[in-house]
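Student: Attaching a single structure in structure tokens format; questions to follow.
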Amino acid sequence: MTGASTGIGRAAAIGAAQHGADVAINYHSDDAGAASCVAEIKALGRLAVAIKGDVADPATATDFVTRACDALGKVDVFVNNAGICPFHAFLDMPAETLERTMRVNLHGAYYMVQAAANRMVAQGHGGSIIAVSSISALVGGEYQTHYTPTKAGVHSLMQSAAIALGRHGIRCNSVLPGTILTEINKDDLADEGKRTRMAARVPLGRLGAPEDLAGPIVFLASDLARYVTGAALLVDGGAFVNLQ
Ligand SMILES: NC(=O)C1=CN([C@@H]2O[C@H](COP(=O)(O)OP(=O)(O)OC[C@H]3O[C@@H](n4cnc5c(N)ncnc54)[C@H](OP(=O)(O)O)[C@@H]3O)[C@@H](O)[C@H]2O)C=CC1
Ligand SMILES: C[C@H](O)[C@@H]1OC(=O)[C@H](O)[C@@H]1O
């Protein structure tokens with residue numbers, strides 16, 4: 020699980036452990052968050068290890084998969100979740116903000132998924148790969164012109180990887196969260212007006228919590244989804260379909 024020191028990744032890692040998984044987590048900077056996630060998983064009686072690394076660096080991917088398998092024995096499920104969304108207007112988007120967002124969200128996903136898939140192929144007993152894409156793969160955002168293409172890219176990566184890896188018994192799917200209250204949008208949603216507007220769009224009547232993603236991710240990881248590959252599961256409280 021990448022990006023699991025906080026937010027959706029953390030909730031999904033703990034959710035997986037609640038359903039019997041041992042979990043290796045990647046994170047970038049939040050040592051305390053990663054340590055507390057590991058402690059929470061161990062308290063559930065499962066094995067857990069935190070491995071620090073920047074997913075934008077291709078070397079992080081093989082390092083993470085190697086060290087995770089050294090600690091836990093093998094990889095049956097891989098969840099690509101790490102991501103950033105530094106909100107910024109389009110017309111004066113700094114090149115470094117665009118480049119960093121692409122490298123973390125899309126290039127990072129590519130190298131991580133590739134490293135996990137190579138390990139699964141070598142193990143020879145299939146697996147499940149899940150990418151955390153977004154409702155933003157399907158709709159735009161004024162201050163997310165650098166971000167939404169990465170989420171569409173991650174969704175597309177899962178579709179192509181499903182074809183490339185099907186013969187190895189490896190399923191590849193994405194989840195598309197709506198607006199989930201986490202660190203990534205804490206500043207953006209400090210604007211009460213925006214927060215109220217976003218919540219009003221959700222037929223289920225509230226913005227999401229990180230834990231809302233745990234069930235869908237565990238489902239796609241599990242044999243309950245054994246004939247599901249190349250799929251995208253919206254987890255947005257109904258926001259996407261709510262035109263009028
Ligand atoms: N929240 C939302 O509304 C939505 C989020 N998403 C997606 O969900 C995913 C998780 O987001 P969310 O939980 O909200 O965000 P958070 O900011 O709460 O968590 C992001 C996680 O990603 C890690 N991370 C960030 N950059 C890197 C990096 N370069 N290398 C490794 N890890 C990194 C962070 O680690 P650390 O803290 O240690 O730096 C942290 O663990 C993202 O891909 C996001 O695009 C999709 C749709 C909606
Ligand atoms: C960070 C945003 O609030 C969040 O990210 C997404 O992918 C969603 O579409 C929301 O815009």
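Quick note: the sequence shown uses our numbering, first residue 20, plus one each step. Cβ atoms here follow ideal geometry from the backbone N, Cα and C, with glycine treated the same way.
Assuming residue 67 contacts residue 60 (C-beta within less than 8 Å), just tell me the rounded distance between them.
Tutor: The pair is a contact, with the Cβ atoms about 4 Å apart (cut-off 8 Å).
Student: Is it true that the CB of residue 102 sits closer than 9 Å to the CB of residue 124?
Tutor: Yes.
Student: Which residues mark the beginning and the end of the beta strand (DSSP E) in which residue 113 is found?
Tutor: From DSSP, residue 113 is part of no beta strand (DSSP E); its letter is neither H nor E.
Student: Within the present structure, is the beta-carbon of residue 172 separated from the nearest heavy atom of ligand 1 by less than 8 Å?
Tutor: Result no, Cβ not under 8 Å from ligand 1.
Student: Take residue 173 as the anchor and find which of 195, 162 and 202 has the nearest alpha-carbon.
Tutor: Ranking the options by Cα distance to residue 173, first place goes to 195.
Student: For residue 32, which residues from the same chain have a beta carbon less than 7 Å from its beta carbon, with the 5 sequence-adjacent residues on both sides left out?
Tutor: Around residue 32: 20, 23, 42, 44, 56 and 60.
Student: How should residue 181 be labelled, buried or exposed, when 16 other C-beta atoms within 10 angstroms of its C-beta is the threshold for buried?
Tutor: Buried, because 16 or more other Cβ atoms sit within 10 Å of the Cβ of residue 181.
Student: Are the beta-carbon atoms of residue 176 and residue 132 separated by less than 9 Å?
Tutor: Result yes, Cβ atoms of residue 176 and residue 132 sit closer than 9 Å.
Student: Can you find the residues in the same chain that come closer than 7 Å, C-beta to C-beta, to residue 26, ignoring five residues on each side of it along the sequence?
Tutor: 201, 202, 203 and 229, listed in sequence order.
Student: Taking all protein chains shown into account, decide if residue 48 is buried (16 or more other Cβ within 10 angstroms of its Cβ) or exposed.
Tutor: With fewer than 16 other Cβ atoms within 10 Å, it is exposed.
Student: Which parts of the segment 172 to 243 are runs of the beta strand (DSSP E), unbroken and 3 residues or longer, counting only runs that do not cross its ends?
Tutor: The segment 172 to 243 contains these whole beta strand (DSSP E) runs: 189 to 196.
Student: What did DSSP end up calling residue 71 once you bin it into helix, strand or coil?
Tutor: Strand, per DSSP.
Student: Please work out which residues of its chain come closer than 7 Å, Cβ to Cβ, to residue 169, disregarding the five sequence neighbours upstream and downstream, and give them in chain order.
Tutor: 120, 121, 124 and 125, listed in sequence order.
Student: Can at least three beta-carbon pairs, one atom from the segment 141 to 156 and one from the segment 209 to 222, be found at a separation below 8 Å?
Tutor: Flag = no, the segment 141 to 156 and the segment 209 to 222 do not touch.
Student: Give me the Cβ distance between residue 189 and residue 112, rounded to the nearest whole Å; I'm assuming they're in contact under 8 Å.
Tutor: So it is not a contact: roughly 36 Å between Cβ atoms.
Student: Just the C-alpha distance for residue 63 and residue 38, rounded to the nearest angstrom, thanks.
Tutor: Taking the straight line joining both Cα atoms gives about 10 Å.
Student: Whose beta carbon lies closer than 6 Å to any heavy atom of ligand 2, going through the chain in order?
Tutor: Result: 104, 153, 154, 155, 160, 170, 198, 203, 204 and 207.
Student: Sorted by chain position, which residues of the same chain lie with C-beta nearer than 8 Å to residue 225's C-beta, five sequence neighbours on each side aside?
Tutor: Once the five neighbours on either side are set aside, the close Cβ partners of residue 225 are 218 and 256.
Student: Quick check: residue 28 and residue 98, are their CB atoms within less than 9 Å of each other?
Tutor: Yes; because the gap between Cβ atoms is below 9 Å, this pair is in contact.
Student: Looking at residue 84: is its Cβ nearer than 9 Å to the Cβ of residue 128?
Tutor: The answer is no: Cβ separation not under 9 Å.
Student: Between which two residues does the alpha helix (DSSP H) carrying residue 53 extend?
Tutor: Run containing residue 53: 50 to 62, per the alpha helix (DSSP H) assignment.
Student: Which residues bound the alpha helix (DSSP H) around residue 259?
Tutor: Premise fails: residue 259 is in no alpha helix (DSSP H) and is neither H nor E.
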